Amino acid sequence: AKPKVTVNPLSNSTLTAGNNVKLIDFTVSSEQGGDTVSIKKFTFNVDITNTGTPLALTNFKFYEGGTDVTNKVAISASLPVVTVIYNSGNAKDIAAGSSQTFSLRADITGVETGDSITTSLVGDPLVGNPPLVPKGNALSMLGNNFVWSDNSRAPHDETTSQDWTIGYLVNAPDSTLSDV
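Quick look at the structure:
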């Protein structure tokens, strides 16, 4: 099985200052008839267009559906890049034939007319000739943008299973908030 990512439209695409504003909302599903898919890391590109007063994003949070799971992940924000890595032992499992919705949120200040934020989920390129798909344990894959496993090795865990790979199969469109 492999993950399929779908970016969901934001319920409000108008950029306004506020707390806990959704920057991107997306769903990851696992193929029917396959194995459970486990997700370890997401990487986002948060592109800010600023027309005057500096637009600030702070207090990033990560949600599974409507539940704040920020305490289960490490969030690193060095804009434009934001990474979300599940803490040790907390990779997100998505059973075959099911899905999970996620959202990246932040507090936003300094919004002016003409400002915008475009957020995208970042995949990984294949490298080499012919291209090779890297496999390893979850920790060895963390230098990549999107880290997941098809749980094909038993026993399966983050430190010894060599069934973790990168997001070369991830292709998701952007999510844009704008104040025009």
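Counting in my numbering, the sequence shown runs without a single skipped number right up to 390 at its last residue. In this text, a Cβ means the ideal position worked out from N, Cα and C, and glycines have one as well. Keep in mind that this is a model prediction, so the values were computed, not measured.
Local Cβ density within 10 Å of residue i, reported as buried at 16 or more and exposed below that
{"i": "Gly353", "result": "exposed"}
{"i": "Gly336", "result": "Position check: residue 336 holds Leu in this sequence, whereas Gly was assumed. Exposed is the call here."}
{"i": "Asn361", "result": "buried"}
{"i": "Ser298", "result": "exposed"}
{"i": "Val357", "result": "buried"}
{"i": "Ser359", "result": "buried"}
{"i": "Val321", "result": "buried"}
Test item: CB-CB of residue i and residue j under 8 Å
{"i": "Asp325", "j": "Thr261", "result": "yes"}
{"i": "Phe236", "j": "Asn218", "result": "yes"}
{"i": "Ile295", "j": "Lys251", "result": "yes"}
{"i": "Thr246", "j": "Ala306", "result": "yes"}
{"i": "Thr329", "j": "Ile249", "result": "no"}
{"i": "Ala316", "j": "Val215", "result": "no"}
{"i": "Glu368", "j": "Phe312", "result": "no"}
{"i": "Asn300", "j": "Lys282", "result": "yes"}
Chain-order list of residues whose beta-carbon lies under 8 Å from that of residue i (same chain, five-residue window excluded)
{"i": "Leu289", "result": "Val256, Ile258 and Leu267"}
{"i": "Ile304", "result": "Pro213, Val238, Ser239, Ser240, Thr246, Val247, Ser248, Ile249 and Gln310"}
Per-residue DSSP class, three states only, for residue i
{"i": "Thr280", "result": "helix"}
{"i": "Ser350", "result": "helix"}
{"i": "Asp257", "result": "strand"}
{"i": "Thr224", "result": "strand"}
{"i": "Glu274", "result": "strand"}
{"i": "Phe236", "result": "strand"}
{"i": "Val332", "result": "coil"}
{"i": "Asn269", "result": "strand"}
{"i": "Gln242", "result": "coil"}
{"i": "Thr311", "result": "strand"}
Same chain only: Cβ atoms within 6 Å of residue i, ignoring 5 sequence neighbours per side
{"i": "Thr253", "result": "Thr293, Val332 and Asn355"}
{"i": "Gly377", "result": "Gly333, Asp334, Asn355 and Phe356"}
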